[in-house]
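Chemist: Residue numbers (my numbering), protein chains in the order written: chain L, 1 to 180; chain P, 181 to 804. Just so it is clear, CB atoms sit at the ideal spot from N, CA and C, and this is done for glycine as well.
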Amino acid sequence: MTDALSTNYFDLFEIPVSYDVDLVRVQHRYRELQKAVHPDKYANAGAQERRISMQHTSLINQALHTLKHPVERAMYLLQLKGVDFTMDNETTMDAAFLMEQMEMREKLESVREKDDPLAELDSMSADVKSNMDVMAEVFKQAYTSGELDDAREAVRKLQFLYKAKQEITELAASIEDEII
Amino acid sequence: MALLQISEPGQSTAPHQHRLAVGIDLGTTNSLVASVRSGEVQTLPDEDGNHLLPSVVRYRKDGVEVGAVAAQHAIIDPMNTIVSVKRFMGRGVSDLRLLGSKLPYHFVDEGMVVPRIHTSGGDVSATEVSAEILKALKSRAVKTLGGELQGAVITVPAYFDEAQRQATKDAASLAGLNVLRLLNEPTAAAVAYGLDSGQEGVIAVYDLGGGTFDISILRLNHGVFEVLATGGDSALGGDDFDHAIAEWVLQQAGYQGDPDPSLVRLLMHASRRAKEDLTVQTETEMSIDTDEIQWHGALSRDQMNRLIEPLVRKTLMSCRRALRDADINNEDISEVVMVGGSTRVPHVRNRVGEFFECEPLVSIDPDKVVAIGAALQADVLVGNKSDEDMLLLDIIPLSLGIETMGGLSEKIIQRNTPIPVSRAQDFTTYKDGQTAMALHVVQGERELVSDCRSLAHFELRGFPPQVAGAPRIRVTFQVDADGLLSVHAREENSGTEASVDVRPSYGLTDEEIETMLRSSMEHAEEDMQARTLREEQVEAERVVEALDSAIKADGELLTEDELNSISARREQLVEAKTGDDPVLIKQAIAELETACEDFVARRMNTSIRKAMKGHSIGEYAKED
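Now the structure itself:
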């Protein structure tokens, strides 16, 4: 590693460039890296050193975020292969998938009327989670065999699922808050 | 060329020199200052032996009173005696109205963004009032420790937003303190307990002060305090308990109408005493006797518990949310640390214990624990413990975003993201031919911008006209270790740029701070110059000292040419520092920094490499 600021996140954390990451190891390396660069270690240094320390710490935090995130990690892997997501306005064209998503939305909207909405949300969340696991497998297959278009399509679907999962969690949270 | 000085291996550059640093807990009700002296951390008392300084400031025609003296006049002189000023920090006039109609002060309302309170001693902002409290603590510390302070760690509620943090930092500048770090109060408390017991695991810090509530979930691991999630309410505290009791008293007394400021103070005072009594007793007598209201009665602990239960429940909802954000279950929490005077209320302890299913930790005085943690951190930051492994990794408490079409907030940095952090997002134009873009920076979790806190407005102007949707405006948010934000915008096709250090909409501008500093000094002009000179000299010392130890540690990273060039610039700076021209010193620092740019970056990379070296897989096996 020559320059931390231009190294990819996997190399920075000294782990293999792969969708599968050892999160325990990542977390451990994160602490080690922070001990080396965090601004608190440079509280007595000049403004320049403090600025550079902040840049590095920000980078390490960003790297941790990306490596831990199931969707962003996939996007990052594709970016390393030269896939540009920044101008990506297209969405998945898989009609069956979109239909499933719409059905799930409708279910989500009417969940409050159910007898036990929290249990309902738990099971929906588990469904989405397993769909995400399946989609992550699809991504890994496509990515490792160099089918970047397929991998990209999997990432789009992962994005959908991730968002749905967040919405389910949010809704569960607000229902829980009402009961407490 | 003068030779560089190198000290004994394993020792700091000046081993005998203990740097003076303090931790300050700037509280709603009381404030404290603490320091590490001969290896012992302690809060510093005043001449009368009092550790707590009531956070009360009284403005008179001929001067300012701070602390107990001021507090004695809270009832007879409510208009000029400012209490609980922390609740106004970083707030606008409209926010203050929401805090309740019972505020006794006259706010100067002339369309000013920063609310000012009218007093006999002039119109003052919350920042200035807080600065008075900080000045009092500073002079106590200087007197007790016997020397100039190198720096201070000042604590803020974890839930403080950008505006409140900035206002606190401004108050410190006004008080002439060098802020080493704004530290979150719960993190400080965890430090105080964590270093004491050297424990590992996930802990919760429940901090209920006079006016603010915080909950933080932290993971402790080999001296690293990693904040996982934080939540709370920056306008909920023990004052609200008093309020609830006062309302009850008014109701019991059958009082109709609007109580005047004196009566409000009196009632709040009586309510607070009743609350304190009920910490040890199960019932207390209350007696209010004024022209408007005569009432005598008993308040039982059960009754008080009922009155405060809705407030306690609100805190537990925040706890639940924080646990969820941290992705932690109740049973994973190994300890609950109690902070803040309001955690003395038995009902609070019981409910918190029930919620987390464990006995809360109360062994350190809840009033002092934050200041103690801050002092420990200050001692580390100022460099008194060079080999200290302790590291505090904080997070941002509330999401930061940008207003988009339709008044919606697009979040750029999500809450509970570790800081410092830098994150960018691309935006585009709405209309054809648009050459400017107004950016509105907001903070908060809600979808609608109108429900979030407005932090700053700025504009990116003068990019070439293009069809709608074609320009790519990259907005970058940078949050530093204190949780303070700067925003940068750049139109990628043309390279047009704009940036702001976010001075919150309700904050003070740099000019205002300078004016305040000037007006607070008798010989304003000379004093300002002296101050600027001193600041540059301190920075120069810092730079030289840091460079010397850098060369000592990693001199082998430099070629002889580089070393010569750096040494020459170092000489120049040392020379400039002895003069009295701050501009020259500044220049010399800049030149030295330019010469060092590569060296600093190389060192950073080396230390990263060192940190990563020599880890075997086995080490990770039993982690987490």
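Using a Cβ-Cβ cutoff of 9 Å, what residues of the region 123-145 of chain L are near chain P? List them in chain order.
Modeler: Going along the region 123-145 of chain L in chain order, one finds no residue with a Cβ nearer than 9 Å to chain P.
Chemist: So, at 8 Å on beta carbons, what are the nonlocal neighbours of Leu-59 of chain L in its own chain, with the 5 sequence-adjacent residues on each side left out?
Modeler: If we look at Leu-59 of chain L and ignore the five residues flanking it on each side, its Cβ neighbours are Ala-4, Leu-5 and Leu-12.
Chemist: So, for Leu-628 of chain P: in the same chain, excluding its five sequence neighbours on each side, which residues have a beta-carbon less than 8 Å away from its beta-carbon?
Modeler: Excluding sequence neighbours, Leu-628 of chain P sits near Gly-587, Leu-588 and Ser-589.
Chemist: Rounded to a whole number of angstroms, what is the C-alpha to C-alpha distance between Asp-257 of chain P and Ser-442 of chain P?
Modeler: For Asp-257 of chain P and Ser-442 of chain P, the distance between alpha carbons rounds to 8 Å.
Chemist: What are the residues that DSSP puts in a beta bridge with Arg-654 of chain P?
Modeler: Paired residues: P:Asp-606 and P:Arg-670.
Chemist: Answer yes or no: does any C-beta atom of chain L fall closer than 8 Å to that of Arg-500 of chain P?
Modeler: Yes, its Cβ sits closer than 8 Å to a Cβ of chain L.
Chemist: Check whether the Cβ of Gly-190 of chain P lies closer than 8 Å to any Cβ atom in chain L.
Modeler: Below a pLDDT of 50, predicted positions are generally treated as unreliable, and Gly-190 of chain P, at 42, falls in that range; no measurement from the model is reported.
Chemist: Could you please give the first and the last residue of the uninterrupted beta strand (DSSP E) stretch that includes Gly-381 of chain P?
Modeler: Run containing Gly-381 of chain P: 381-388, per the beta strand (DSSP E) assignment.
Chemist: Mind checking if Ile-175 of chain L is an interface residue toward chain P, Cβ cutoff 8 Å exclusive?
Modeler: Chain P, which has no Cβ nearer than 8 Å to the Cβ of Ile-175 of chain L, makes this no.
Chemist: Work out the CA separation of His-476 of chain P and Ser-467 of chain P for me, nearest whole Å.
Modeler: Cα-Cα distance, rounded: 4 Å.
Chemist: How big is the Cα-Cα spacing for Ser-53 of chain L and Val-265 of chain P?
Modeler: Each residue's alpha carbon lies about 35 Å from the other.
Chemist: So Gly-411 of chain P packs on Arg-501 of chain P, CB below 8 Å; how close in whole Å?
Modeler: Contact flag correct, Cβ pair sits at about 5 Å.
Chemist: Got a sec, what are the start and stop residues for the beta strand (DSSP E) Thr-261 of chain P sits in?
Modeler: Note, Thr-261 of chain P: beta strand (DSSP E), 261-263.
Chemist: By how many angstroms is the C-alpha of Leu-458 of chain P removed from the C-alpha of Ser-634 of chain P?
Modeler: Taking the straight line from one Cα to the other gives about 41 Å.
Chemist: Take Lys-591 of chain P and list the residues in its own chain whose beta-carbon comes closer than 6 Å to its own, dropping the five residues that flank it on each side.
Modeler: Closer than 6 Å at Cβ, skipping near neighbours: Ser-579 and Gly-581.
Chemist: Which first and last residues belong to the beta strand (DSSP E) in which Arg-112 of chain L is found?
Modeler: Unbroken run through Arg-112 of chain L: none, as it is neither H nor E.
Chemist: Taking DSSP as the reference, what is the three-state secondary structure of Ala-661 of chain P?
Modeler: If DSSP states are grouped into helix, strand and coil, Ala-661 of chain P belongs with coil.
Chemist: Can the beta-carbon of Val-359 of chain P be found less than 8 Å from the beta-carbon of Phe-405 of chain P?
Modeler: Against a cut-off of 8 Å, the Cβ pair of Phe-405 of chain P and Val-359 of chain P comes out as no contact.
Chemist: If I follow the unbroken beta strand (DSSP E) through Ala-254 of chain P, where does it start and stop?
Modeler: From DSSP, Ala-254 of chain P is part of no beta strand (DSSP E); its letter is neither H nor E.
Chemist: Taking C-beta pairs closer than 7 Å, name the residues in chain L that Cys-632 of chain P reaches, listed in chain order.
Modeler: The contacting residues do not exist; Cys-632 of chain P stays about 17 Å from chain L at best.
Chemist: Within 10 Å of its beta-carbon, does Gln-658 of chain P have 16 or more other beta-carbons around it, so buried, or fewer, so exposed?
Modeler: It counts as buried.
Chemist: Answer with yes or no whether the minimum CB distance from Asn-358 of chain P to chain L is below 8 Å.
Modeler: So, not an interface residue.
Chemist: Any idea what DSSP makes of His-620 of chain P, helix, strand or coil?
Modeler: Residue state, collapsed to three classes: strand.
Chemist: Give the interface partners of Lys-68 of chain L over in chain P, defined as CB-CB distance under 8 Å, in chain order.
Modeler: Per Cβ cutoff of 8 Å: no residues; Lys-68 of chain L is ~11 Å from chain P at best.
Chemist: Which whole-angstrom value is the C-beta distance of Asp-569 of chain P and His-402 of chain P, which I expect to be below 8 Å?
Modeler: At roughly 7 Å, the Cβ-Cβ gap stays under 8 Å, so Asp-569 of chain P and His-402 of chain P are in contact.
Chemist: Within 8 Å of any Cβ in chain L, is that where the Cβ of Leu-572 of chain P sits?
Modeler: Closer than 8 Å: yes.
Chemist: Suppose the cutoff is 8 Å on Cβ atoms and the five residues either side in sequence are ignored; what does the same chain contact list for Asn-210 of chain P look like?
Modeler: Leu-232, Leu-233, Pro-234, Ser-235, Gly-390, Gly-521 and Asp-547, listed in sequence order.
Chemist: List, in order along the chain, the chain P residues whose C-beta lies closer than 8 Å to that of Thr-39 of chain L?
Modeler: In the sequence on display, residue 39 of chain L carries Pro and not Thr. In chain order: Pro-600, Asp-660 and Ala-661.
Chemist: Skipping 5 residues on each side, what residues in its chain have a beta carbon closer than 6 Å to that of Tyr-339 of chain P?
Modeler: Contacts found: Asp-394, Gly-412, Ser-414 and Pro-577.
Chemist: With 9 Å as the C-beta to C-beta threshold (strictly closer), list the residues of the region 320-337 of chain P near chain L in chain order.
Modeler: From the region 320-337 of chain P, only Gln-330 and Gly-331 have a Cβ closer than 9 Å to chain L.
Chemist: Answer with yes or no whether the minimum CB distance from Ile-204 of chain P to chain L is below 8 Å.
Modeler: For Ile-204 of chain P, the answer is no, since every Cβ of chain L falls outside 8 Å of its Cβ.
Chemist: I'd like to confirm the pairing. Which residues does DSSP put opposite Arg-217 of chain P in its beta bridges?
Modeler: P:Glu-220.
Chemist: Which runs of the alpha helix (DSSP H) at least 4 residues long sit entirely within the region 375-459 of chain P? Give them in chain order.
Modeler: The qualifying runs are 418-432.
Chemist: Taking the straight line between their C-alpha atoms, what separation do you get for Ala-791 of chain P and Glu-32 of chain L?
Modeler: Answer to the nearest angstrom: the Cα atoms are 6 Å apart.
Chemist: Return no unless some Cβ of chain L is closer than 8 Å to the Cβ of Glu-671 of chain P.
Modeler: Not an interface residue.
Chemist: So, are the CB atoms of Arg-320 of chain P and Asp-226 of chain P less than 8 Å apart?
Modeler: In this structure, Asp-226 of chain P lies closer than 8 Å to Arg-320 of chain P by Cβ.
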